[in-house]
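For reference, the structure discussed in these notes is given below.
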Amino acid sequence: MLMSVGESITAFVFVAIALVVLFKGVRMVPQGHNWTVERFGKYTRTLNPGLHLLIPFIDAIGTKINMMEQVLDVPPQEIISSDNAQVMTDAVCFFQVQNAAQASYEVNHLERAMQALVMTNIRAVLGAMELDEMLSNRERINGDLLLKVDEATDPWGVKVTRIEIKDIAPPADLVSAMARQMKAEREKRAQILEAEGEREAAIKVAEGQKQSEILKAEGELEAAKREAEARERLAEAEAKATEMVSRSIQQGDARAINYFVAQKYVDALGRLAESDNNKVMMIPLEASSVIGSIAGIGELVKDMQSNGDKSAS
């Protein structure tokens with residue numbers, strides 16, 4: 041009876057030892073994680089996702105590393121810009137472990153170290169900028185931070201994929217001053233645009249007046265040319281008439297002499313009629329002789345035309 045009880049206890053002990061050995065020797069790594077293996081406290085290899093066999097009581101799991109991309113919140117901190125403006129800023133950092141062994145044994149407390157590194161670089165990058173530059177160059181700030189932090193974390197087996205500045209908050213009095221400055225700049229731009237519009241309008245009006253004057257001058261020039269041509273033709277006609285009359289006088293025709301007398305008589309009557317002091321104009325009896333002279337000139341012209349036609353034939 042006592043022997044059967046002892047055998048049962050021994051069998052139970054062996055089963056327990058076997059379970060412990062099995063638990064120590066068989067490990068399953070989940071997807072997205074890497075485990076480091078230590079033999080007598082020294083790193084030997086890295087376990088990828090899947091089922092693995094270890095030497096019980098000799099090999100042990102060192103560190104369980106998350107290989108997925110992770111998010112690190114950077115707490116708010118106060119920063120002084122190069123123009124002595126105090127701002128409150130915070131950020132977020134995205135990183136991914138590339139080498140589990142380096143992340144386990146090259147740095148202690150990886151996330152805390154990365155948080156301190158990011159905060160330090162934020163102070164360095166933003167502290168070298170003026171406030172206006174800081175507020176208007178968010179993309180450049182993110183790029184500079186990413187370059188610096190990624191280079192610093194490379195020995196830790198970590199790849200920093202993105203760093204984003206979430207907020208840059210100046211003090212309330214500084215925000216109010218910036219609002220007043222922006223309003224003044226907008227009013228200034230509005231006044232400049234209004235002045236430019238008035239200048240453009242004045243230029244357009246001046247150009248219109250100039251074009252109008254040019255067209256007016258061109259019209260007057262054209263009218264003067266036409267008037268000159270008319271005077272020239274009139275002079276030619278008078279010269280031709282005078283030549284014809286002179287030729288008739290040489291031929292002894294008395295009607296030609298009467299033409300000159302009648303022309304002077306008619307000119308005198310015209311000046312007399314245009315006088316401002318003239319109220320009543322008395323036409324002398326000799327006007328009938330003037331009319332007769334004009335009729336004689338008509339006959340004279342007809343005779344000269346008929347003579348010209350005969351000569352041409």
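First residue of the sequence shown: 41, per the numbering used here; consecutive thereafter. C-beta atoms are modelled at their ideal positions from N, C-alpha and C, and glycine is treated no differently.
Pairing residue 149 with residue 104 gives a Cβ-Cβ distance that is not under 9 Å.
The Cβ-Cβ distance between residue 141 and residue 193 does not fall below 9 Å. DSSP places residue 245 within a helical segment (H, G or I) once states are collapsed to three. Residue pairing by DSSP places residue 193 in no beta bridge whatsoever.
Under the DSSP assignment, residue 162 falls in the alpha helix (DSSP H) whose first and last residues are 150–167. Straight-line measurement puts the Cα of residue 213 at about 26 Å from the Cα of residue 230.
Around the beta-carbon of residue 129, 16 or more other beta-carbon atoms lie within 10 Å, marking it buried.
The beta carbon of residue 78 lies closer than 8 Å to those of 84, 99, 100, 101, 102 in the same chain, with the five residues before and after it left out. Distances from the CA of residue 112 to each of 224, 200, 221 were compared; the closest alpha carbon is that of 200.
Under DSSP, the beta-bridge partners assigned to residue 106 are 73. The distance from the Cβ of residue 61 to that of residue 92 is about 15 Å, inconsistent with a contact at the 8 Å cut-off.
In the structure shown, residue 138 falls within a coil segment according to DSSP collapsed to helix, strand and coil. Sequence-distant Cβ neighbours of residue 71 in its own chain, meaning closer than 6 Å and more than five residues away, are 89. Annotated three-state conformation of residue 81 is coil, per DSSP. Taken through DSSP and simplified to helix, strand or coil, residue 118 comes out as strand. Here residue 94 carries a coil assignment [DSSP, helix/strand/coil]. In this structure, the alpha-carbon of residue 271 lies about 15 Å from that of residue 261. The three-state secondary structure of residue 130, taken from DSSP, is strand.
In the structure shown, the three-state DSSP call for residue 230 is helix.
Between the region 148–164 and the region 246–253 there are fewer than three inter-stretch CB-CB distances shorter than 8 Å, so the stretches are not counted as touching. Collapsing the DSSP output to three states places residue 209 in a strand.
Note on residue 154: 16 or more other CB atoms within 10 angstroms of its CB, so buried under the neighbour-count rule.
In the three-state reduction of the DSSP assignment, residue 184 falls in the helix class.
Put simply, the backbone Cα of residue 265 is about 40 Å away from that of residue 238. For residue 125, the secondary structure class from DSSP, reduced to helix, strand or coil, is coil.
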